[in-house]
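In my numbering, the protein residues as written are 139 to 303. Beta carbons are placed, not taken as given, at the ideal position from N, Cα and C, and that holds for glycine. Take a look at the structure set out below.
As structure tokens, then:
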């Protein structure tokens, strides 16, 4: 699993115990899709298994969010975003966000990203998930980091995005 970002302090022993109790209460799941390289990246940066966190009704049919992984050291959800060609231009870029915003394109975020970010915002605001301290979105494409930082902020998802090759 990717080491924690120092901007998010480690949990105290009592916080860690509360976090682990909460984490143990969540349903565990397998990796929910992707090609072998995507799955390997997710396991490496997010750990295993995935966890099903509850969210308020009306956001998803199951009223849950599948989280790629959680880091016990700081209580962060870790979301892996693998790009097949990490050294090439990615369609999730700051440049594309700016261009779409300037043209008035209201759907400048990809539908799947919008839905996932809404779910994460709901999960973070749900009282049942108070042990979830934020979301770290990890990608292997440097250009995509700014896209994720901005879109997370736009949807009120506390956390950050970073590059991990």
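Under the three-state reduction of DSSP output, residue 302 falls in the coil class, being neither helix nor strand.
Judged by their CB atoms, residue 168 and residue 199 are not nearer to each other than the 8 Å cut-off. Within the same chain, and ignoring the five residues on either side of residue 139 in sequence, the residues whose Cβ sits closer than 8 Å to its Cβ are 182, 183, 184, 185, 207, 209 and 216. Taken through DSSP and simplified to helix, strand or coil, residue 203 comes out as strand.
Where residue 273 is concerned, the enclosing beta strand (DSSP E) starts and stops at 272-277.
Contact check between the segment 150-163 and the segment 259-270: three or more CB pairs, one atom from each, fall below 8 Å, which counts as touching.
Distance from residue 258 to residue 211 at the Cβ level is roughly 20 Å; contact not present, criterion being Cβ atoms closer than 8 Å. Annotation for residue 269: no beta strand (DSSP E) segment contains it, and DSSP assigns it neither H nor E. Distance from the CA of residue 142 to the CA of residue 275, rounded to the nearest whole angstrom, comes to 12 Å. Take the alpha-carbon of residue 302 and the one of residue 220: they are about 10 Å apart.
Beta-bridge partners of residue 139 (DSSP): none assigned.
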